[in-house]
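Sequence lines, in order, name chains X and A. Numbering-wise (the working numbering), the first sequence opens with residue 1 and increments by one. Numbering-wise (the working numbering), the second sequence opens with residue 159 and increments by one. Backbone N, C-alpha and C fix where the C-beta goes; we use that ideal spot for every residue, glycine too.
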Amino acid sequence: MIRVTLKVNKRPVSIEVEPRTLLVELLRDKLQLTGTHVGCDTSHCGACVVHVDGRSVKSCTMLAVEADGATVTTIEGLAQGGKLHPMQDAFHQHHALQCGFCTPGMIMSAVELVETRPTADEHETREWLEGNFCRCTGYHNIVKAILSCRDAMKEKSA
Amino acid sequence: MSTTQTPGQSTPSIGASIPRREDRRFITGAGRYTDDIVLPNQAYAYILRSPHAHALIRSISTDAALAAPGVVAVFTGHDVAADKVGGIPCGWLVKSKDGSNMVEPPHPMLVADRVRHVGDQVAVIIADSKAEARAAAQLVEVDYDVLPAVATLGDAITDGAATVWDQAKGNVCFDWDLGDKAAVKAAMKSAYKVIEIEVRNNRVIPNAIEPRAAIGHYDVSGDNYTLYTTSQNPHLIRLLLGAFVLGIPEHRLRVVAPDVGGGFGSKIYHYAEEAIVVWASKKIGRPVKWTAERSESFMSDAHGRDTVMKAHLAVDKEGKFLGLCVHNVANMGAYLSTFAPAIPTYLSATLMAGCYSTPAIYVEVKAVFTNTVPVDAYRGAGRPESAYLLERLVDKAARELGMDRLEIRRKNFIRKDQFPYKTPVALEYDTGDYESTLEMALQKVDYQGFSARREASKKRGKLRGIGFSTYVEACGIAPSALVGQLGARAGLYEAATVRVHPTGSVSVFTGTHSHGQGHETTFAQLVADQLGVPYDKVEIVHGDTDKIPFGMGTYGSRSLSVGGSAIVKAVDKIVAKGKKIAAHLLEASEADIEWKQGEFLVVGTNRKKSIGEIAFAAYVPHNYPIETVEPGLEESAFYDPKNFTYPAGCHVCEVEIDPDTGVVQVVEMVAADDVGVIINPMIVDGQMHGGLVQGIGQALYEEAQYDESGQLLTGSFLNYGMPRASDFPFFKVGNHVTACTHNPIGAKGVGEVGAIGCPPAVVNAVLDALAPLGVTDISMPVTPEKVWRAIESAKATH
């Protein structure tokens, strides 16, 4: 067992894990943060995307020990003080989710997109979602929600 | 949206695009899916699966696995047989032409003697952790004697093919027919021309993003069982698991389907893993959890489609259809999944009229076994196969007759004034307006501007094509007596309970299950409207057999038209009881009480009581007609539909093809549909978007492929073509409503139409783009390789 010390959703965590434990297993099984989902075993679907030090990462492709010292944000830590993140709100307003299973990963990916590429257009947005599968929405309303959130955040910063 | 809704216009709740109330938990990570549930002391199951498509099991040794760290138990098919556990049942009996029953092979939850597809369950390893169970599975030694396999449909019906089941001669499960063979023969004889086509409907893998999972919990203190499972229909699972597999009476078995991450049909069926975890839980005295890895989903979730159809269409000189003959070979896989036999027969052959007034139709269906994963309903279930055949065939007829593709459709449409219309293949369409949806689609796609767009593409070196599909489907399944005659082993009604609480809030218990469809919002809108109470005061409860009176679940686009109608019936009973209470309180005769928007009024006066006041009186019956009316305000209802419902519409696809690479890009996708009365347009549009992507996915990207030994070549997201965001443009969807005439809501259903109408539009667009090169046929999925080869071979011959 190896001790890892990290911050998850602003909370300090220090915990012993097996060397083979994946970050997603640490989050789901040890910390009961079940908002992060597992939808595949080949790192394609993106249901497990979280932020590690501000970057979106598929938490099924990262060992828990690799996150030692990192700051991790999951879908549970995205809303601040009970107020939804604008991306969460945009997904709700635009009906960008149906079964909800891909949604946490989709939102975490989308947040990084609008934060790092605030001018991303429809094409770039669709390309960005290459690693996030959704089987329900046809991506239509997901792209709409992301573009709308991008515009709202632009307005806010203007 | 251009809707022409009639009922329920008076309140904002029906017809309003209210953002969904269920979203909150999903966007904050608070959803509760089966794998999120942790029961105290739960153990973890890993299913050891067959690596061979067809093999005898000579022996299984579990000693080493049992000795591995953390392992609690290992069970094989021999343990299942020793416990006299029943097999997984099939829910539909189809009879062959000669009156004999279909071949119905046993389907044990763990196989003891002979595996029949890659992924077949051979043993279950239960350990303290998932990792330990998985590691120990490597230590189970299975000695297989590999047999020749039947890998594809074509292989199954080849002379000298291997045999999947000894009792199924020539691998035939049943050989069934429908329609008037003689009339069709006569039509062929008198025809000006007979158009022939053969189309393959590619096998697809559902791939709901949430993999299947199940937790079985035997509670010794009450001698009862709980199953948490990723199901679209918990009551159906309780019935099949309880009555047929484990022999547990309903009152001792609770089935909970919590949040479920998409289904598309694949989570209708009763799967072996559900039975295994419940059975094993009693054996080891601990809850047992199993969660599929994605690679297991690929080889154990029921697949969809997989048919080959040959058809002949007799036409006269003017292009009128005279008769249609269809021969369909359908793959059942290695075992009969819950609804499998009904898909190519009662859900496909019955749709061979499409939206056309073809007077004579005859359909034969030969269902065959192969050494592949069982095939069952997948979004559309049988209707996409029919729509694909018909719409490809109609385009081909136009081409061969030198007619316009739209003209031939219009000429053969069942006209608006012909409804109700009885088809030659057993259905009666209640309403429809096929001209209007076609017109709407043409406007949305700007058909007039197409030739200019084609020219513009040409200048960029691209081939542009436009394709049409005018489809009808049958959903809202189904009248119980009718399906009973056709072989269904269950009724297909729906149940609901409406409980008005003492202070006026309302709980609605529905037997349908929401796994993305948004019932918690839509049904609340419906009840708020019907009962005249604020939307926020209505909650929808589903997914737990301990809470819900009964139900048949969600599939076949039935939730609103059947489940919603059960809710309306229960509301009607609430209103009827409320009238009696109001008459007493208002000192009027019951006949003089009028119900209007949440209020009971004495006709012609301003004296009235609100539904809230009536509810309070019903629970605090101090001043109450106690001699004749029971206290309380709660009613249940079962609704059995009188007919199927018949959504229809027109889908138009525009593609651009790069002739150098063969890559097909969908540049425009338009859907104009008549799905009946709409409660929440935003949710309806969302259903359309999702269905369209599954339709385009089937047309362009998705295919389950087996090699000749029966190995699944497309067994992961690495090699199965899942549609991605970058594959699509924004879609244009719209509705033209004709209300269903036989349910109280007027709803028809929207869940599947996208996947039904769309694939032929896409393929017809590809063929339109390639027509100038002389290409006349191509098969789904239309991959770049197929397009490139079609272009090259056309070049060589023209």
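Cβ closer than 9 Å: which chain X residues qualify as neighbours of residue i?
i	result
residue 600(A)	Under the 9 Å cutoff, chain X gives no residues; its nearest Cβ is about 21 Å from residue 600(A).
residue 453(A)	40, 41, 42
residue 888(A)	122, 140, 143, 144
Is the beta carbon of residue j closer than 8 Å to that of residue i?
i	j	result
residue 808(A)	residue 515(A)	no
residue 425(A)	residue 366(A)	yes
residue 938(A)	residue 489(A)	no
residue 370(A)	residue 453(A)	no
residue 223(A)	residue 298(A)	yes
residue 275(A)	residue 529(A)	yes
residue 226(A)	residue 683(A)	no
residue 112(A)	residue 445(A)	The displayed coordinates of chain A run from 159 to 956. Any statement about residue 112(A) would go beyond what the structure contains.
residue 252(A)	residue 560(A)	no
residue 466(A)	residue 495(A)	no
residue 625(A)	residue 940(A)	no
residue 332(A)	residue 254(A)	yes
residue 652(A)	residue 674(A)	no
residue 190(X)	residue 129(X)	The structure shown has nothing for residue 190(X), since chain X only spans 1 to 158.
residue 842(A)	residue 908(A)	yes
residue 834(A)	residue 913(A)	no
Using a Cβ-Cβ distance cut-off of 8 Å, determine whether residue i contacts chain A.
i	result
residue 81(X)	no
residue 162(X)	Nothing about residue 162(X) can be reported from this structure: the residues present for chain X run from 1 to 158 only.
residue 61(X)	no
residue 116(X)	no
residue 51(X)	no
residue 16(X)	no
residue 47(X)	yes
residue 130(X)	yes
residue 126(X)	yes
residue 2(X)	no
residue 54(X)	no
Could you tell me whether any Cβ in chain X is nearer than 8 Å to the Cβ of residue i?
i	result
residue 188(A)	yes
residue 810(A)	no
residue 882(A)	yes
residue 874(A)	yes
residue 184(A)	yes
residue 612(A)	no
residue 178(A)	yes
residue 841(A)	yes
residue 191(A)	yes
residue 233(A)	no
residue 148(A)	Any property of residue 148(A) remains undetermined from this structure, which presents chain A solely from 159 to 956.
residue 173(A)	no
List, in order along the chain, the chain X residues whose C-beta lies closer than 7 Å to that of residue i?
i	result
residue 365(A)	135
residue 674(A)	98, 99, 136
Could you check if residue i is buried or exposed, using at least 16 other CB atoms within 10 Å of its CB as the buried criterion?
i	result
residue 956(A)	exposed
residue 754(A)	exposed
residue 1(X)	exposed
residue 146(X)	buried
residue 70(X)	buried
residue 89(X)	buried
Starting from residue i, find everything on chain A with Cβ-Cβ shorter than 9 Å and list it in chain order.
i	result
residue 20(X)	289
residue 150(X)	Residues of chain A passing the Cβ test: none, with the nearest at roughly 15 Å.
List the residues of chain X whose Cβ lies closer than 8 Å to the Cβ of residue i, in chain order.
i	result
residue 418(A)	99
residue 422(A)	135
Starting from residue i, find everything on chain A with Cβ-Cβ shorter than 8 Å and list it in chain order.
i	result
residue 75(X)	185, 186, 187
Residues of chain A with a CB under 7 Å from the CB of residue i: which are they?
i	result
residue 104(X)	187
residue 176(X)	Lying before the first or after the last residue shown, residue 176(X) is absent from chain X, which here runs from 1 to 158.
Confirm the yes/no value for this check: CB of residue i, any heavy atom of the ligand NAP, distance under 7 Å.
i	result
residue 813(A)	The model depicted lacks the ligand NAP and carries no ligand whatsoever.
If you scan the stretch 590-664 of chain A from start to end, which runs of the beta strand (DSSP E) of 3 or more residues do you find wholly inside it? Within the stretch 590-664 of chain A, complete beta strand (DSSP E) segments of at least 3 residues are found at 621-630, 652-658, given in chain order.
Within the stretch 508-539 of chain A, note down every full alpha helix (DSSP H) run reaching 4 residues or more, in order along the chain. none
Sequence ranges, alpha helix (DSSP H) only - wholly within the stretch 860-944 of chain A, length at least 4: Scanning the stretch 860-944 of chain A for uninterrupted alpha helix (DSSP H) segments of 4 residues or longer gives 911-928, listed from N- to C-terminal end.
Whole runs of the beta strand (DSSP E) within the stretch 419-500 of chain A, excluding any shorter than 3 residues: If we require 3 residues or more, the beta strand (DSSP E) runs fully inside the stretch 419-500 of chain A come out as 446-449, 465-473, 479-491.
Jot down the residue ranges of each uninterrupted beta strand (DSSP E) in the stretch 687-757 of chain A, minimum 3 residues, whole runs only, in chain order. 696-699, 751-754
Give the list of continuous beta strand (DSSP E) stretches no shorter than 3 residues that lie fully inside the stretch 255-296 of chain A. 279-285
Could you pull out every unbroken beta strand (DSSP E) segment of at least 3 residues lying fully inside the stretch 189-255 of chain A, listed in chain order? 201-207, 213-219, 229-234
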